[in-house]
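Peer 1:
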Amino acid sequence: MQELMKARAAALLSEGKVNRVLGWAAGEFVYDVTPTVFESREELERDFVYSPFCGANLSKYLVKEARKEGKILVFLKPCDSFSFAQLVKEHRIPREKVYAVGVECYGKTDATALRSLGITGIVGAAEQYGALTLNTLNGERRVTVAEAMLEKCKSCKTKEHRLCDELLGEEGEPVSDCSRFEEVEKVEAMTPEERFAFFRGELSRCIRCNACRDVCPACTCETCVFDNPASGIAQKAAADPFEENLYHIIRAFHVAGRCTDCGECTRVCPQRIPLHLLNRKFIKDINEFYGPYQAGDDPETPSPLTDWKPDDVEPGSAVRKGGRA
Amino acid sequence: MPMNSPEKNGVGKEEAFRPKIVAFCCNWCSYAGADLAGTSRLSYPAEVKIIRVPCSCRVNPTFILRAFGRGADGVILCGCHPGDCHYTTGNYYTRRRMTLLFSMLDYLGIERERTRVEWVSAAEGAKFAETMRDFVATVTALGKNRRLEDLRCRN
Amino acid sequence: MSTYRIREERLPALFEETAKKRKLYLPTDTAEGVAAFLPYREGMTLTASLNTSRSAKDLFFPQTETLADFKVSGREIAVVDVREECEDFLLFGVRACDVKSFEILDRVFLAEPVDSFYKNRREHGTVVSLACASPVETCFCGTFGIDCADPEGDAAAYRWEGYYYFVPLTEKGEEYLASVESLLEETDDGPVWDAKGEIYRKKERLPLKSLTTEGFGGERTKELFDSEKWESLSEACLGCGTCTYVCPTCQCFDIRDFDTGRQIRRYRCWDSCMVSDFTKMAGGNPRPTQKERFRQRFMHKLVYFPAENEGIFGCVGCGRCLAQCPISMNIVKVMKALKEEKE
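Line order of the protein sequences matches chains A, B and C. Each residue of the first sequence is one higher than the one before, counting from 18 in my numbering. Each residue of the second sequence is one higher than the one before, counting from 97 in my numbering. Each residue of the third sequence is one higher than the one before, counting from 65 in my numbering.
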């Protein structure tokens, strides 16, 4: 796949169809790939990589990149293509400035999960038939891809792309047994006291690095409310548990109805806070209260929070159900 | 000890707990409803502090959270009845937003009785007074807001 | 210098005894599997991870702390000094890199004017370091002349064949080991050398062992500042604060006021050169784009800091930013890219 992508990118560059390529560059070890803009065949040849560690969603970079001269090629995994489609829908990316190439994905690997499995000192890896062979400082280790998948891949909703100019590899299908709301349901089933204690435990680890916000393809405000001193709630660090709650509720709320569930927030959290539990709660509620909705799915359907029906559920009765229809 | 027992909330027997209630009221209906309650000499609890907003739709989730952070024990949002919005559709958006926000607060383990949305028209002075009496009673029974308060703002 | 030892299984008893006399912080795993320095509770065990997710600097320089309160009544403003004498505490199992970071922080906070909040914690804290039995791929402390087999601190600990060995290094360390004397037995230092030898063998295999600081330092400020590499290096940076907040040596902070409605609370919190309002002032922001902010982080650690501190670099090679940056851009990649350019 990687070679195919490299060749295609090089061809499009030399044809002049695009003048830059947005992809992933290899790092020092094997898991530390960095989103990178390639401008020449040589750069592609030297650094371009598409590996089990290319979990990063490239679509947000397009907001910045599409403002530059010329057309940019971007490689999108199925989940990334939803973010891209949503950004185009919100007019954050001019469609004509981007040449989107869909690439197949069977789930990406989480280096942190590998470490939790006790596999440290990773310097190399190879993937074959759903298994990863890892070269470590202490010898070779083998795991299945499923064992060390990113959270977002464990709950993958579809292997089918949206809004791409072309596809490399085969188009996949929606995941029929997607169980992404299972964890949310587990929390819903707890008592309020348990839920409160559970979220305090998780959110109190927050260091307010803002990585969840900065990586989020739905967070594209020019100045975030939390950075704007005039907002009255700008903070650099949570000086009180209330500020942790405030930040995380507002972060998730601001992307409610626009969040495609790409799972980047949970992937990047250095403190391993399951941020997707907040985003998915909103998605689940939206589905139950206003009918199934998937952000980035199509260019027309209005976002649930910019839409209404005369007979929408009332807040009181909706909450009494505790999100359980 | 239960979460909201008077002992835990530091409220002695001599001094009964009086909640702080913030009521966001739409200028065109509920605020006028509050006015009507007043001119009709219908009493509603003094614990309720009204904040007038141009439309219930003006209230964003941060307002609600900040009210709690700064010491409110309950927050109620009053707007025009669905279909009667002065700006045609503002309250429809409010309804969806607050539905999602309140559901999220409940999900985070914050007592669901502390938040409420009520539609009160300018003609419903009696409903306004009754709503407030009921809400104050509910929040009084819950006790002080401890789960969503900013400790720095505590008395 | 005397050496003491305790059987590994007796470690809980040692922690129990230590915690009787002072507050004890251990690198442990939380229920969610994140390694962190946490106050000791009965039954707590050491983490299997080499390093904690956040660094040990938190214990001396917490992310937020109140500096003063201002009470306003009428036309009077009273300043309330909130400083309190800190209780004695002991940090157990600090790695060589983190121990070195304290020295770097000392140079910032203990220089005139002395930061009394930091000084208070430093004076009351005792550091027991732990040699790294299994350094990992992200480790590059050797680059900055730190020896993970020979950690500094008030006392150093080594794990070897079922025992933990302790070597006091300062008066504070002596005093601590004396306070738990009943649990320790005196021994010769042979096993300590065996443990070190094993670590040196492992260090040979580290992929970053050949990284050096050559070409960095105060002498090349202008040249490095003007490098064309900053543009592409910073391209993918999200501008989040992960690297700076998990870094054991990042010491920038912001001072803010919070109006509680009754008084003003002045507090400080960590700042990050990665965020958009870093050093923003009335006249604007001297670092308007991510490129300048990104450059600031690395120039500070590799150039400005050594220029003002007898050549000591502002990085200890703990590898946290290598493991935790959301887009895997880090100081090692920056150093290599800048060196490449020079060649």
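The beta carbon of each residue, even a glycine, is placed where N, CA and C say it ideally should be.
Would you mind listing the beta strand (DSSP E) stretches within the segment 80 to 119 of chain A that are 3+ residues and don't spill past its ends, in chain order?
Peer 2: Listed in chain order, they are 89 to 93.
Peer 1: Could you give the uninterrupted runs of the beta strand (DSSP E) lying entirely in the segment 143 to 213 of chain A, keeping only those of 3 residues or more?
Peer 2: The segment 143 to 213 of chain A contains these whole beta strand (DSSP E) runs: 148 to 153, 156 to 161 and 183 to 185.
Peer 1: Give me, in chain order, the residues of the same chain whose beta-carbon lies closer than 8 Å to that of Val107/B; leave out the 5 immediate sequence neighbours on both sides.
Peer 2: Here Val107/B scores only 49 on pLDDT, less than 50, and its place in the model is too uncertain to base an answer on.
Peer 1: Note down, in chain order, all residues in the segment 309 to 342 of chain C with a beta-carbon under 7 Å from any beta-carbon belonging to chain B.
Peer 2: From the segment 309 to 342 of chain C, only Phe322, Thr324, Gly325 and Arg329 have a Cβ closer than 7 Å to chain B.
Peer 1: With hydrogens ignored, establish whether the beta-carbon of Glu278/C is closer than 7 Å to any heavy atom of the ligand ADP.
Peer 2: In terms of ligand content, the structure shown is empty, and the ligand ADP therefore cannot be addressed.
Peer 1: Cβ atoms of Thr94/C and Leu110/C: under 8 Å apart, would you say?
Peer 2: Result no, Cβ atoms of Leu110/C and Thr94/C do not sit closer than 8 Å.
Peer 1: Quick test of the definition: if touching needs 3 or more C-beta pairs under 8 Å, does the segment 228 to 246 of chain A touch the segment 269 to 279 of chain A?
Peer 2: Yes: at least three Cβ pairs fall under 8 Å.
Peer 1: If you run the structure through DSSP and keep just helix, strand and coil, what is Arg243/B?
Peer 2: Three-state DSSP puts Arg243/B in coil, outside helix and strand.
Peer 1: Among Gly305/C, Arg185/C and Phe280/C, which one has its Cα closest to the Cα of Glu417/C?
Peer 2: With chain C running from 65 to 407 in the structure shown, residue 417/C is simply not present.
Peer 1: Work out the CA separation of Ser193/C and Asp253/C for me, nearest whole Å.
Peer 2: Whole-angstrom Cα-Cα distance: 17 Å.
Peer 1: Three-state secondary structure (DSSP) at Pro246/A?
Peer 2: Helix, per DSSP.
Peer 1: With 8 Å set as the bound, which would you pick, yes or no: does the beta-carbon of Arg166/B sit closer than that to a beta-carbon of chain C?
Peer 2: Yes, Arg166/B counts as interfacial toward chain C.
Peer 1: Any idea if Met18/A is buried or exposed, counting beta-carbon neighbours within 10 angstroms, 16 or more meaning buried?
Peer 2: Met18/A is exposed by the Cβ-count criterion.
Peer 1: Give a yes or no on whether the minimum CB-CB distance between Cys196/C and chain A is below 8 Å.
Peer 2: No, Cys196/C lies away from the interface with chain A (no Cβ there is under 8 Å from its Cβ).
Peer 1: What three-state label does DSSP hand Asp323/C in the structure shown?
Peer 2: Three-state DSSP puts Asp323/C in a strand.
Peer 1: To the nearest angstrom, how far is it from the Cα of Arg191/B to the Cα of Val235/B?
Peer 2: Arg191/B and Val235/B: Cα-Cα distance of roughly 22 Å.
Peer 1: In chain B, which residues lie less than 8 Å from Glu205/A when you measure between Cβ atoms?
Peer 2: Residues of chain B passing the Cβ test: Tyr203.
Peer 1: Is the Cβ of Ile391/C closer than 8 Å to any Cβ of chain A?
Peer 2: Yes - at least one Cβ of chain A is within 8 Å of the one on Ile391/C.
Peer 1: Since Lys114/A and Lys88/A should fall inside the 8 Å C-beta cutoff, what is the C-beta to C-beta distance between them, to a whole number of angstroms?
Peer 2: Going by Cβ atoms, the distance from Lys114/A to Lys88/A rounds to 6 Å, so yes, they are a contact pair.
Peer 1: What ranges does the alpha helix (DSSP H) occupy inside the segment 266 to 293 of chain C, keeping only unbroken runs of at least 4 residues that lie completely in it?
Peer 2: As far as the segment 266 to 293 of chain C is concerned, its whole alpha helix (DSSP H) runs of at least 4 residues are 285 to 289.
Peer 1: Residues of chain C with CB closer than 9 Å to the CB of Lys106/A, please, in chain order.
Peer 2: Near Lys106/A there are no residues of chain C at all, since even the closest Cβ is about 23 Å away, more than 9 Å.
Peer 1: So within the segment 188 to 261 of chain C, which uninterrupted alpha helix (DSSP H) runs reach at least 4 residues, ignoring any that extend past its ends?
Peer 2: You should have 235 to 243.
Peer 1: Take Tyr331/C and list the residues in its own chain whose beta-carbon comes closer than 7 Å to its own, dropping the five residues that flank it on each side.
Peer 2: Cβ neighbours of Tyr331/C beyond the five flanking positions: Thr128, Glu129, Thr130, Leu131, Arg320 and Phe322.
Peer 1: Count Cβ pairs between the segment 85 to 100 of chain A and the segment 285 to 298 of chain A that sit closer than 8 Å; are there 3 or more?
Peer 2: No: the two stretches stay apart, fewer than three of their Cβ pairs being nearer than 8 Å.
Peer 1: Distance check for Trp294/C and Lys344/C, CA to CA, integer angstroms please.
Peer 2: Cα-Cα distance, rounded: 21 Å.
Peer 1: Step through the CB atoms of chain A and report whether any lies within less than 8 Å of the CB of Ser199/B.
Peer 2: Yes, because at least one Cβ of chain A sits closer than 8 Å to the Cβ of Ser199/B.
Peer 1: How about Ser336/C and Thr308/C: are their beta carbons less than 8 Å apart?
Peer 2: Yes, they are a contact pair.
Peer 1: What span of residues does the alpha helix (DSSP H) with Arg275/A cover, start to end?
Peer 2: Per DSSP, Arg275/A belongs to no alpha helix (DSSP H) and is neither H nor E.
Peer 1: Under 8 Å between C-beta atoms, does Glu405/C make it to chain A?
Peer 2: Chain A, which has no Cβ nearer than 8 Å to the Cβ of Glu405/C, makes this no.
Peer 1: Rounded to the nearest angstrom, what separates Leu263/A and Pro309/A at their Cα positions?
Peer 2: Going by the C-alpha atoms only, they are around 27 Å apart.
Peer 1: Hey, how far is the Cα of Val54/A from the Cα of Met363/C?
Peer 2: Taking the straight line joining both Cα atoms gives about 24 Å.
Peer 1: Determine whether the Cβ of Ala342/A lies closer than 8 Å to any Cβ atom of chain B.
Peer 2: With a pLDDT of only 42 at Ala342/A, under the threshold of 50, the placement of this residue in the model should not be trusted; the figure read from the coordinates follows. False, the Cβ-Cβ gap to chain B never drops below 8 Å.
Peer 1: How would you list, in chain order, the residues of chain A whose beta-carbon sits under 9 Å from the beta-carbon of Lys397/C?
Peer 2: Ordered by position in chain A, the residues that pass the 9 Å Cβ test against Lys397/C are Gly44, Glu45, Asp49 and Thr51.
Peer 1: Using 10 angstroms around the beta-carbon of Pro246/A, count the other beta-carbons present and answer buried if the total reaches 16, otherwise exposed.
Peer 2: With fewer than 16 other Cβ atoms within 10 Å, it is exposed.
Peer 1: With respect to the alpha helix (DSSP H) encompassing Gly134/B, which residues constitute its N-terminal and C-terminal limits?
Peer 2: Residues Ser126 to Thr135.
Peer 1: When the Cα of Ile160/B is compared with those of Glu214/B, Phe224/B, Phe198/B and Glu207/B, which residue comes out closest?
Peer 2: Here the closest residue by C-alpha is Phe198/B.
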